[in-house]
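Residue numbers for the sequence shown follow this note's numbering, beginning at 147 and rising by one.
In this text, a Cβ means the ideal position worked out from N, Cα and C, and glycines have one as well.
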Amino acid sequence: MEKVLITGGAGFIGSHLVDFLQQDYDVYVLDNYRTGKRENIKNLAEDHVFELDICDYNAVKQIMKTYQFEYVIHLAALVSVAESVENPILSQEINVVATLRLLESIKTYNRDIKRFIFASSAAVYGNLPDLPKSDQSLILPLSPYAIDKYYGERTTLNYCSLYNIPTSVVKFFNVFGPRQDPNSQYSGVISKMFDSFEYDKPFTFFGDGLQTRDFVYVYDVVQSVRLIMEHKDAIGRGYNIGTGTFTNLLEVYRIIGELYGKSGEHDFKQARKGDIKHSYADITNLKTLGFVPKYTVETGLKDYFNFEVDNIEEVTKKEVEMS
């Protein structure tokens with residue numbers, strides 16, 4: 147079987163990729179568990195997991211040299227906009243320097259690689275009014291995180307044009323689904339909404355709640371990443387990963403409340419620096435590869451709700467058994 151390395155593979159999106167690819171590929175994960183969890187990839191053997199920091203260049207270089215992966219999906223990152231504002235140097239070390247060094251190690255030791263995929267973010271587009279966001283949209287990053295991701299995009303594609311490394315870029319819009327940790331400061335807004343309804347905690351909207359996002363269910367995300375990984379036409383190109391639709395936060399909150407049968411307690415605070423008001427994706431290029439989203443916001447939220455209910459019941463059952 148062909149070998150795939152997923153950096154950040156114990157995280158939210160990465161662990162779902164592990165599950166999705168394991169049936170057809172020999173999957174390895176590199177993760178330092180800063181935001182990921184070993185429990186997310188519990189079905190992966192220990193000798194397929196490298197517990198180390200992506201900034202440990204010598205260790206990463208040795209792994210690339212030894213294993214000769216056919217595919218590398220680079221998800222490892224400092225993913226918090228707020229933390230990048232507070233610590234832009236750390237953000238650059240993780241999101242820029244580590245990416246560059248990983249590409250260099252591939253160029254030196256792994257020239258037969260079939261694909262390197264860099265995970266970027268819709269944050270690179272910034273707050274410019276043109277919608278939907280496409281390859282032709284202007285770029286105006288509003289945070290160190292967004293600037294670093296844009297650098298990673300351009301560098302990844304340059305390694306294709308300059309050094310003939312087969313690379314692709316994926317720009318994630320607002321991904322949601324099981325395994326998002328609501329207690330993490332890095333987690334998406336939907337997981338925090340679920341947590342507020344599940345445990346009757348007040349939810350805070352930063353801004354007026356009318357900001358819109360292209361919320362894409364994680365199962366659609368992993369489907370699209372695999373499609374890009376395997377499709378030769380995707381080499382040297384970047385793709386928006388979304389649904390091509392938008393929903394405001396108040397509407398998402400209302401839908402989740404209906405699923406729980408609750409109205410929910412919430413308040414409003416000032417919008418955070420670096421946050422974007424409106425965003426949704428033009429996925430025309432992704433559709434040319436054959437991608438069709440299987441989930442709407444509503445069906446994704448319902449599936450996520452069913453997962454959460456089942457998970458809570460399982461946890462409760464275990465707690466009762468242990469008491």
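In the structure shown, what three-state DSSP assignment does phenylalanine 158 receive? Helix.
Terminal residues of the alpha helix (DSSP H) in which phenylalanine 351 lies: From DSSP, phenylalanine 351 is part of no alpha helix (DSSP H) but of the beta strand (DSSP E) over 349-352.
Three-state secondary structure (DSSP) of alanine 265: Strand.
Return the chain-ordered list of same chain residues with a C-beta closer than 6 Å to the C-beta of phenylalanine 437, the five sequence neighbours on each side being excluded. Only Ser370, Leu373 meet the Cβ criterion.
Helix, strand or coil for aspartate 379 per DSSP? Under the three-state reduction of DSSP, aspartate 379 is assigned to helix.
Valine 227: first and last residue of the uninterrupted alpha helix (DSSP H) it sits in: It spans 227-232 - the alpha helix (DSSP H) in which valine 227 sits, taken as one unbroken run.
Selected residue, minimal CA-CA separation from phenylalanine 343, among Thr301, Asp428, Lys433, Lys408: Of all alpha-carbon atoms in Thr301, Asp428, Lys433, Lys408, the one lying nearest the alpha-carbon of phenylalanine 343 is that of Lys408.
For isoleucine 311, does the count of other Cβ atoms within 10 angstroms reach 16, so buried, or fall short, so exposed? That one is buried.
If I follow the unbroken alpha helix (DSSP H) through aspartate 341, where does it start and stop? In the DSSP assignment, aspartate 341 falls within the alpha helix (DSSP H) that extends over 335-344.
Assuming isoleucine 387 and phenylalanine 322 form a contact by the criterion Cβ under 8 Å, report the distance between their Cβ atoms to the nearest whole angstrom. So it is not a contact: roughly 13 Å between Cβ atoms.
Closer than 6 Å by C-beta to tyrosine 255: which residues in its own chain qualify, once you throw out the five before and the five after it? Chain order, please. Met210, Lys211, listed in sequence order.
Proximity to alanine 380 [Cα-Cα], best of Phe215, Val231, Leu432, Val362: Selection Phe215, Val231, Leu432, Val362 evaluated against alanine 380 yields Leu432 as nearest (Cα-Cα).
Fully enclosed by the stretch 363-449, which alpha helix (DSSP H) runs are 4 residues long or longer? Scanning the stretch 363-449 for uninterrupted alpha helix (DSSP H) segments of 4 residues or longer gives 364-376, 395-406, 430-434, listed from N- to C-terminal end.
Threonine 358 versus Phe340, Val443, Gly155, residue with shortest Cα-Cα distance: When only C-alpha atoms are compared, the closest one is Val443.
Can you find the residues in the same chain that come closer than 7 Å, C-beta to C-beta, to leucine 405, ignoring five residues on each side of it along the sequence? Within the same chain, leucine 405 has close Cβ partners Leu447, Lys448, Phe451.
Same chain, Cβ closer than 8 Å to lysine 338, neighbours up to 5 away in sequence not counted: Cβ within range, chain order: Pro328, Phe349.
Evaluate leucine 224 with the Cβ neighbour count: other Cβ atoms within 10 Å of its Cβ, from every protein chain shown; 16 or more gives buried, anything less gives exposed. Result: buried.
Under 7 Å Cβ to Cβ from valine 164, same chain only, skipping five residues before and after it: list those, please. Same-chain partners within the cutoff: Ile152, Gly155, Val173, Val175, Ile187, Leu190.
Just to check my reading of the structure: valine 315 and leucine 303 have Cβ atoms closer than 8 Å, yes? What is that Cβ distance to the nearest angstrom? Yes, valine 315 and leucine 303 are in contact; Cβ-Cβ is about 6 Å, under 8 Å.
Can you grab the Cα-Cα spacing for the pair glutamine 326 / phenylalanine 158, in whole Å? Computed Cα separation, rounded: 6 Å.
DSSP beta-bridge partners of asparagine 310: Per the DSSP secondary-structure output, asparagine 310 pairs with nothing in a beta bridge.
Return the bridge partner residues of histidine 220 from the DSSP annotation. According to DSSP, histidine 220 bridges with Thr153, Phe264.
Please list the terminal residues of the continuous alpha helix (DSSP H) segment that includes asparagine 204. 203-213 is the extent of the alpha helix (DSSP H) around asparagine 204.
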